[in-house]
Each structure stands twice: as structure tokens, then as C-alpha cells.
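*Asks:* In our numbering, each residue carries its 1-based index in the sequence shown increased by 572.
Ideal placement from N, C-alpha and C gives every residue a C-beta, glycine not left out.
In this text the structure is predicted, and so the values were computed from the model without any measurement.
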Amino acid sequence: MQTLFAAIIGLAVAAPAVADSPTWSRLTDQGRTFYASSVAFSPDGAILACDLVLWDVARQSLWASLPDTSYVHAVAFSPNGTMLASGGNNTVALWDVTRRRRLAILEGHAQRVNSLAFSPDGTILASGSDDHTIVLWDVAMRRQRVTLEGHADSVHAVAFSPDGTMLASASSDHSVALWDVARRGRLATLKGHTENAHAVAFSPDGTMLASASSDRSVILWDVATRKRRATLRGHTSHVYSVEFSPNGALLASGSRDRTAILWDVATRRRRATLRGYRWSVTSLAFSPDSALLASAARSVMLWQLSSLAPRPETAPSVTDDDPSAWKQQATLQGNGSGIQAVAFSPDGTMLASGDDTVILWDVAKQKRLDTLGHLGNVHSVAFSPDGTVLAAGAGDKTVILWDVASREQRDALKKHKDRVQAVAFSPDGALLASGSDDNTVILWNISKQKRLDTLKGHADWVNSVAFSPDGTMLASGSSDDTAILWDTASHKQLATLKGHTDYVLSGSFSPDGAMLASGSSDDTVILWDTASHKQLATLKGHNGNVTCLAFAPDGATLASGSSDNNIILWDVATQRRLTTLKGHTGWVQAVSFSSDGTMLASGAEDGTVLLWRSFAQ
């Protein structure tokens, strides 16, 4: 395989050395980078189709370009490898691979064809379209057998079960459907995603179905019971593609976040994060021997999986100085979906959490006080400094202001063009900052409930916002791998902090304002000097994305939560780990200290809020 790569790649670009990560090369045609939106291996692994360009793997060379100038959205090989199907605008084309000529054009869709799949016996071709339908084609007769209707929006993906009796489809209506191929009717609708479903794939043994969505998750379904087995979270943006390896050991997912993740199917743990992409990863394909992974992200990359470590990623061993100082006190059960935000009220009597609603909790009684509705998943919550107002940012592109005493909605702030990921009040309560997937930060005048200004400087999603304790600065973290410090009076940029090698997901100022902590998908926390804008230290200890941060009120301790399911408490002075809090079974997505510093709340993808109490003397 090493010689294979060297020969077919031309201008091969060496991957950065990453432990336990496969090596890759980018496909080039005589020095020119080759672009494609879809990839597929032939059943014997001899040919790789990149849209309508075919690569001869055995001869280590470009084999053919099929004569069609239309844009291709999907390709699929027939099970015997003699035929290639391609989907474009409204039509499906069938190609003779050996003779490199078109056999037929199948007309039946009213809009773009997004996905194609041959049945295991090669007699049926399924196509999913923006016209909300799936068409089953008779391959031999070159004509339409039946149109499957039932989705309420675009069908982005179709996949046959290994035995050919079922077809799975994914749609922008947020659902995954299972269809009976023989009876041509719907068997079940799988509801678990909260946003557009983009991809589906059956496991080789047919017992599981994987689905991917704009809600950043991959769900593993039990095909027999139609129930969710697991939710895999690792991406920070829309997940567009998903594929099982033929040996069933790995699952690959590709995302708008410009990464692909390899998951260990047995343990549900991440094996490796594949980086180096310049665009969204739209298509994935394993070679029949599971040795290679091809991916399309405009450019086409080949990954050599033999260099992958033979075990899933695991957290490094931890030696805690005083693990008994913090104990788990209570578990608060949310609504069933992942907890994405937590915040203590200023007086510490209440806790707010966000999942598909806002939940208010009585901290002393550890019971739910009330549930505040929202039109989208709640990604962030923040109390005003006087505790009278609660702000919640959500996937419905709005920030809702709630009256804490009456539990009634005061206002809905609607100026963002995409989901709101983060909210924060200024120390005097006069301003609210909100960060969004529209790449902007909006400053709001709370008394007038109007937009003051839109801060533009990031090139990708804004994942976090935080005011300095004196209110003179605002920090924002983004998927463009940077944090920006803003002057809150002039609304101008003070500095762009560059040090992370992946998305900046979280940020928190120290209580004295001298430091800013930023957490990233590169698994690290960086401490910054807010006066000089220089990097003070890099804290390494997590084995996953650092999704959330919070300084203790005395500034001595920093809490960081991660996709490794753990919380690390750091000694800020020595920059050493104090202890690791283990209790969650899913991503830790939010942490918050009580105002007296004796309690820590953490929210996770497992749907729970854990309350931790300090017993340090």
C-alpha cells in the first residue's frame, strides 16, 4: 500500500505527525489538485470513482474521465462493478465502466438527486432527491419501479440493508425512515435528530444503522428494535457523511467542521480525528479490504488505515493530588436530550440548565422548579448580575429573556441569522453579548432590548463569549481557531489570540481579569495575559475537545469540561491538575461554579446535570 500511495498521488502532501492517526495524501492529476463531491470504491477495490473521474488503483494512475459536463452530486457502483450510477440535476445516469460510455439516463425526479444506492443483488437502484421523494429503479429495464413518498423535505441519503429487504433514508425533515423494499411501504420513522439528517449507513451485519445530522451528532440505531443504541458526539458542526468499514470495526463520519472522525464501533469511542481538510467533508468510502478511506472535501484525500493504533483513544492515567476534596452530591435528570448549558443564579439558590428547554432547579432541594419553553435546542444560559433576568440562546436563532421571578418571557432578540451558541451579561447588567453560527457577536442594550452593534471579525462560528470582570473587554472564541478581545466601549478589536490549532470552543476570564482561559478542539486549554495578549501557559490533560471552562470565584481553580466525559480542576498558580471529576457518561458540555465557590455544576450529553461539592478545609 505504501507504493500505491506514492504512485497515484503525484503531489503528495505529507500529513502532520499525529499519534494513533492514519497518514494521508491528496489526489492530484499531473500536479493539479482534483476536486470532487462524492467518492466510491468499486466492489473489487480496483477503481475509485471521484464524481465521474475514475482512478485505476492497481495501475496506480488516472484511468478514465466519463464524458459528462453536468454537476455530479452522488455516485455508486453496482455490486458486480460493471456499472456506475451518477446523480445530478433531476436525472440519474448509468455508465458502462469497462467501455466508459453512458448506458442510459433515468428521468423521474423533479429536483436535484442527492444520493444513490444499488440493492445488494444489483437489480434495484434507489435515488433520493430534493423533491422529497425516493425513486426505486429497475436496473435491467432502465425504468422507474415505484416512488416512495413520505418525507416532508429533501432526501439527502439512501442506503440498502445488507440483505436488501430494507432501505433507509435521511431527510431535512429531521427524520430517518426505514422502508420495506418488497412491499414498497414505510416500516418506521426514527426520530432522534433535532436538525437535518444528512447521511445513513447500515453496519455490515445489518444489526445497526448509523445516521448523521446538522445537530452535530451521529446516532447508532438498533435495526430490530428501532431504538437508539448510542449517540456519538465529536464534531463541532454539521455532520454530512457516515460510513461503516466493511469489516465492521470502524465507523467514519465527515463534517462541515473540516474533519472526519474514526469511531470504534464496539466501544463507541473515538479512534482518531482526521484533519487536513480545507472544506466540508461531504462523502466517505472505505476500500473493500478496510485498508483505505477515501474522502471528498472538494479535494479528494486517501487515508492509510494500517497506521491506526489497534485500540480506541483512552484517557491518560491520572494521579490526583487530592481527589477527595470534591464529591458528587446529586444527579439532576434533564428532559432526555443532552445538557448543553448550566449557570448558577448569583445568590446560588437556583441553577439553570439548557437542553431542548430551559430548566430551573432548586439547588438546596435538588428539584426542578420550572421548565421554560424554547423553539430550538438551548445552547447557552446566563443570569443577569442581579438575578432578575435569565438569557437563553438557542438553535432557533433567538435569544430569549426570561423574568426569573414570574417565569414569563420578557422579550425575544431576533437579529442573528443562525443558531445562538453563547450568551453573557456584562458585569453591570447593561449589555448582553451573543455569539452565533453566523460568525458574529451581537451586543444588545438590555434596558431597550435593542441591538447596539454587530461585531464582525471571525471567519467561522462563534462558540463562546465572556465579559471581563470590569466590563471593559469582551472575549469571543470561534471555529476559525482564534479568540478575539474586543473593547466594549468602542466595539473595536483589541487583539486576535492565535495559539490553538483547532476550534476555540470555550472561554472564561479570571476574576481579577488578568487572564483569559480558552478551550479548544485541540484538547488543550491556553491561559492568556489580557494586558500583553501573550500566551502564558498551555494546559494538557484532556483526551478530547475542551468544550467548557469556568474559573472559581477566588481565581485559584479553573474547571474544564471535555468530550472525554471528564472535568479537570486545575491549580491556576502552578498550572497543574488538582483532580479529575468522573461521573458523566457523555460529553461534558457546560460547567459553572456557585458564587461562594463551594459547588460546581456540570452538564453533559448524557442528559444529566451533576452537582459537585468541595469538602476542602
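Buried or exposed, going by whether 16 or more other CB atoms sit within 10 Å of the CB of Lys-899?
*Replies:* Exposed, by the Cβ-count rule.
*Asks:* Drop a sphere of 10 angstroms on the beta-carbon of Gly-908, count the other beta-carbons inside from all chains shown, and report buried for 16 or more, exposed for fewer.
*Replies:* The residue in question, Gly-908, is exposed, as its Cβ has fewer than 16 Cβ neighbours within 10 Å.
*Asks:* Any chance you could list the beta strand (DSSP E) runs of at least 3 consecutive residues sitting entirely within the region 892 to 971, in chain order?
*Replies:* Fully enclosed beta strand (DSSP E) runs of 3 or longer: 898 to 905, 913 to 916, 922 to 926, 930 to 934, 939 to 944, 950 to 955 and 961 to 966.
*Asks:* Give the range of the beta strand (DSSP E) segment to which Ile-1140 is assigned.
*Replies:* Its beta strand (DSSP E) spans residues 1138 to 1143.
*Asks:* In terms of DSSP beta bridges, what is Leu-1066 paired with?
*Replies:* None, per the DSSP bridge assignment.
*Asks:* Taking just the CA atoms, how far does Lys-763 sit from Gly-806?
*Replies:* So the two alpha carbons sit approximately 20 Å from each other.
*Asks:* Expressed to the nearest angstrom, what Euclidean distance is found between the alpha-carbon atoms of His-1156 and Leu-638?
*Replies:* Cα to Cα, the separation comes out at about 52 Å.
*Asks:* State the DSSP-derived secondary structure class of Ser-1050, mapped to helix, strand or coil.
*Replies:* Residue state, collapsed to three classes: strand.
*Asks:* Taking three-plus beta-carbon pairs below 8 Å as touching, is the region 989 to 1007 in contact with the region 962 to 981?
*Replies:* The region 989 to 1007 vs the region 962 to 981: in contact.
*Asks:* Using the DSSP secondary-structure output, state which residues sit across from Val-872 in a beta bridge.
*Replies:* For Val-872, which the question treats as bridged, DSSP gives the partners Ala-868.
*Asks:* Could you give the C-beta distance for Leu-620 and Ala-796, rounded to a whole number, given that I count them as a contact under 8 Å?
*Replies:* Wrong, their Cβ atoms sit about 34 Å apart, outside the cutoff.
*Asks:* In three-state DSSP terms, what is Leu-638?
*Replies:* The answer is coil: DSSP assigns Leu-638 none of H, G, I, E or B.
*Asks:* Please state the DSSP three-state secondary structure of Ala-624.
*Replies:* Per the sequence shown, the amino acid found at residue 624 is Leu instead of Ala. Here Leu-624 sits in coil by DSSP.
*Asks:* CA-CA distance, Gly-920 and Ile-972?
*Replies:* C-alpha separation (whole angstroms): 22 Å.
*Asks:* Please classify His-1052: is it buried, with 16 or more other beta-carbons within 10 angstroms of its beta-carbon, or exposed?
*Replies:* The question names His, but residue 1052 in the sequence shown is Asp. Asp-1052 is buried by the Cβ-count criterion.
*Asks:* If you draw a straight line from the alpha carbon of Ser-1093 to that of Ser-813, how long is it in whole angstroms?
*Replies:* Approximately 20 Å between the Cα atoms of the pair.
*Asks:* Using CA atoms only, rank isn't needed, just tell me which of Val-914, Thr-929, Thr-943 and Ala-984 is closest to Phe-536.
*Replies:* Since the first residue shown for the chain is 573 and the last is 1189, residue 536 is missing from the structure and cannot be characterised.
*Asks:* Checking 9 Å against the spacing of the C-beta atoms, do Val-1181 and Ser-925 come in under that value?
*Replies:* Result yes, Cβ atoms of Val-1181 and Ser-925 sit closer than 9 Å.
*Asks:* Kindly indicate the opening and closing residues of the beta strand (DSSP E) around His-1072.
*Replies:* No beta strand (DSSP E) holds His-1072; DSSP gives it neither H nor E.
*Asks:* Comparing alpha-carbon positions, which option in Leu-708, Ser-1019 and Asn-819 lies nearest Arg-982?
*Replies:* Among Leu-708, Ser-1019 and Asn-819, the Cα nearest to that of Arg-982 is on Ser-1019.
*Asks:* Kindly give me the distance between the Cβ atoms of Asp-640 and Ala-665, rounded to whole angstroms, as I take these residues to be in contact under 8 Å.
*Replies:* Confirmed, about 7 Å.
*Asks:* The beta strand (DSSP E) that contains Val-644, what's its start and end?
*Replies:* Neither: Val-644 is in no beta strand (DSSP E) and is coded neither H nor E.
*Asks:* Quick check on Tyr-1202: buried or exposed, where buried means 16 or more other Cβ atoms within 10 Å of its Cβ?
*Replies:* In this structure the chain extends from 573 to 1189, so residue 1202 is not present and cannot be described.
*Asks:* Please tell me whether Val-707 and Arg-756 are closer than 9 Å, where the distance is taken between their beta carbons.
*Replies:* For Val-707 and Arg-756, no; Cβs fall outside 9 Å.
*Asks:* Tell whether a beta-carbon distance below 9 Å holds between Ile-1139 and Trp-1100.
*Replies:* For Ile-1139 and Trp-1100, no; Cβs fall outside 9 Å.
*Asks:* How close, in whole Å, do the beta carbons of Asn-949 and Thr-766 come, if the pair is a contact with beta carbons under 8 Å?
*Replies:* Contact flag correct, Cβ pair sits at about 5 Å.
*Asks:* Going by DSSP, name the residue or residues bridged to Val-524.
*Replies:* In the structure displayed, the chain extends from 573 to 1189; residue 524 sits before or after that span and is not available.
*Asks:* Determine the burial state of Met-713: buried for a count of at least 16 other Cβ atoms within 10 Å of its Cβ, exposed for fewer.
*Replies:* By the 10 Å Cβ count, Met-713 comes out exposed.
*Asks:* What are the complete beta strand (DSSP E) segments, minimum 3 residues, inside the region 750 to 780?
*Replies:* Here the runs fully enclosed are 757 to 762 and 769 to 774.
*Asks:* When DSSP builds the beta bridges, which residues end up paired with Ser-855?
*Replies:* Paired residues: Ala-868.
*Asks:* Would a C-beta distance cut-off of 9 Å place Gly-659 and Ser-699 closer than the cut-off?
*Replies:* In contact: Gly-659 and Ser-699 (Cβ atoms closer than 9 Å).
*Asks:* Could you give the first and the last residue of the continuous beta strand (DSSP E) run that contains Asn-1017?
*Replies:* Start and end: 1012 to 1017.
*Asks:* Under 9 Å between the Cβ atoms of Ser-1132 and Gly-1085?
*Replies:* No. Outside cutoff.
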